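A.B. asks: Pasting a structure below so you can have a look.
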Amino acid sequence: MNYRHAYHAGNHADVFKHLVLSRLIALMSRKEQPFAYLDTHAGIGLYDLRGDQASRTGEFLEGIARLWQADDLPALTADYMGLVRDMNPDGELRYYPGSPEVARRLTRAQDRVQLNEKHPQDGLLLKDNMKGDRRVAVHLGEGWHVPRALLPVPEKRAIMLIDPPFEQLDEMQRCAKALKEAVGRMRQTVAAIWYPVKDQRALKRFYQDLAGSGAPKLLRVELLVHPVDTPNSLNGSGLAIANPPWGLEEELLELLPWLAEKLGQSKGSWQMDWLIAE
Ligand SMILES: C[S@@+](CC[C@H](N)C(=O)[O-])C[C@H]1O[C@@H](n2cnc3c(N)ncnc32)[C@H](O)[C@@H]1O
Numbered sequence: 000m001n002y003r004h005a006y007h008a009g010n011h012a013d014v015f016k017h018l019v020l021s022r023l024i025a026l027m028s029r030k031e032q033p034f035a036y037l038d039t040h041a042g043i044g045l046y047d048l049r050g051d052q053a054s055r056t057g058e059f060l061e062g063i064a065r066l067w068q069a070d071d072l073p074a075l076t077a078d079y080m081g082l083v084r085d086m087n088p089d090g091e092l093r094y095y096p097g098s099p100e101v102a103r104r105l106t107r108a109q110d111r112v113q114l115n116e117k118h119p120q121d122g123l124l125l126k127d128n129m130k131g132d133r134r135v136a137v138h139l140g141e142g143w144h145v146p147r148a149l150l151p152v153p154e155k156r157a158i159m160l161i162d163p164p165f166e167q168l169d170e171m172q173r174c175a176k177a178l179k180e181a182v183g184r185m186r187q188t189v190a191a192i193w194y195p196v197k198d199q200r201a202l203k204r205f206y207q208d209l210a211g212s213g214a215p216k217l218l219r220v221e222l223l224v225h226p227v228d229t230p231n232s233l234n235g236s237g238l239a240i241a242n243p244p245w246g247l248e249e250e251l252l253e254l255l256p257w258l259a260e261k262l263g264q265s266k267g268s269w270q271m272d273w274l275i276a277e
């Protein structure tokens, strides 16, 4: 396990993922009934952009820093940007939330947050960063076991983020398997799988596996910062979202053109379609 998310915190892929996560939480919160947030590969939860790792790559400069400086933020970014602002009250961008902190801050008193991180050191950092909030539980186990271990949830409503590092060749297949298990155990699970847009051949197979997952509905959303055929580069990232809450597609149609323009490097673009339509 060599991957350390701190090198990439706040980059274009994090902004895309966390902004969409903020909208999933907002849309799930329209109903009073509680829901559970499950994070299979949680990371450490909080990042210091001036720390050694993030400042060495500077990836956040082409991610959250661009939104931080923007004076044309769409209303739909308010929850996400509000929490980044709350973490940086003196007006200088320094601290950035990981998905656990996005979920912890945006969920309500009646919701539960279940986080899993396998790396022993990162797991302890995550525990430390989440301490004091009794709605949050941190597990230091195997992320691929989360669907079996935690679903179905008593609330009968859940968002599950599946966000592995993609260090190993089989992780795309494992994502598709985790989705199959999740909807097999609780059909209505809102599951979001993050994936890199890099290797088109691997992606073709991945889309086929996702389409065979048995999810009732599956939306594919991608945000590119370079043309899709640019060699040896992270050209963008995608989210495959099972059972997206009603209204998400319309919101993303509004957000994605703005986001692609804001975060594009050699060329920004986006696409959205259904891998499984109802
Ligand atoms: C892409 S990062 C997660 C970022 C986080 N979800 C966020 O958005 O802030 C992937 C994380 O998965 C952890 N990890 C790697 N293999 C794992 C496994 N098999 N089970 C659980 N966690 C794993 C890594 O240590 C790393 O912290």
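Okay, so the sequence shown: first residue is 0 according to numbering that gives the first Met the number 0, each after it adds one.
Note that CB positions come from ideal geometry on N, CA and C, so glycine has one too.
Remember, predicted model here, so these are calculated numbers, not experimental data.
(1) I'd like to check one pair, residue 65 with residue 261: are the Cβ atoms closer than 8 angstroms?
(2) What number of angstroms, rounded off, separates the C-alpha of residue 186 from the C-alpha of residue 127?
(3) By Cβ distance below 7 angstroms, which residues in the same chain neighbour residue 103 in space, the five residues on each side in sequence not counted?
(4) In three-state terms, what does DSSP make of residue 243?
(5) Does the distance from the CB of residue 184 to the CB of residue 230 come in under 8 angstroms?
(6) Could you give the residue range of the alpha helix (DSSP H) that holds residue 268?
(7) For residue 101 versus residue 212, is the C-beta distance shorter than 8 angstroms?
(8) Does the Cβ of residue 98 have 16 or more other Cβ atoms within 10 Å, making it buried, or fewer, making it exposed?
(9) Taking 7 angstroms as the cut-off, is the C-beta of residue 56 nearer than that to any heavy atom in ligand 1?
(10) Is it the case that the segment 45 to 52 contacts the segment 8 to 16, given that we only count it when at least three CB pairs across the two stretches are under 8 angstroms?
(11) How many angstroms separate the CA atom of residue 52 from the CA atom of residue 197?
(12) Ignore the nearest five residues each way along the sequence and tell me which others in residue 288's own chain have a CB closer than 6 angstroms to its CB.
(13) Using only alpha-carbon positions, find the residue among 169, 206, 42 that is nearest to residue 139.
(14) Shortest alpha-carbon distance to residue 225 belongs to which of 19, 195, 23?
(15) Less than 7 angstroms between the CB of residue 106 and some heavy atom of ligand 1, yes or no?
(16) With 16 as the cutoff for other CB atoms within 10 Å, does residue 171 come out buried or exposed?
(17) Over what stretch of residues does the alpha helix (DSSP H) that includes residue 121 continue unbroken?
(18) Sorted by chain position, which residues of the same chain lie with C-beta nearer than 7 angstroms to residue 142's C-beta, five sequence neighbours on each side aside?
(19) Less than 8 angstroms separating the beta-carbons of residue 154 and residue 34?
(20) Quick check on the burial criterion: 16 or more other C-beta atoms within 10 angstroms. Buried or exposed for residue 57?
(21) Within 7 angstroms: the Cβ of residue 235 and any heavy atom of ligand 1?
(22) Take residue 267 and list the residues in its own chain whose beta-carbon comes closer than 7 angstroms to its own, dropping the five residues that flank it on each side.
(23) Taking the C-alpha atoms as reference points, what is the distance between residue 68 and residue 265?
(24) Give the C-beta separation of residue 243 and residue 218 to the nearest angstrom, bearing in mind that I take them to be a contact with Cβ-Cβ under 8 angstroms.
(25) In three-state DSSP terms, what is residue 78?
C.D. replies: Let's see:
(1) yes
(2) 33 angstroms
(3) 112, 129, 132, 135
(4) coil
(5) no
(6) Note, residue 268: premise wrong, no alpha helix (DSSP H); beta strand (DSSP E) at 268 to 275.
(7) no
(8) buried
(9) no
(10) yes
(11) 23 angstroms
(12) Any answer about residue 288 is impossible in this case: the structure gives the chain only from 0 up to 277.
(13) 42
(14) 195
(15) no
(16) buried
(17) 119 to 129
(18) 39, 40, 115, 117, 163
(19) yes
(20) exposed
(21) no
(22) 223, 224, 259, 260
(23) 20 angstroms
(24) 5 angstroms
(25) helix
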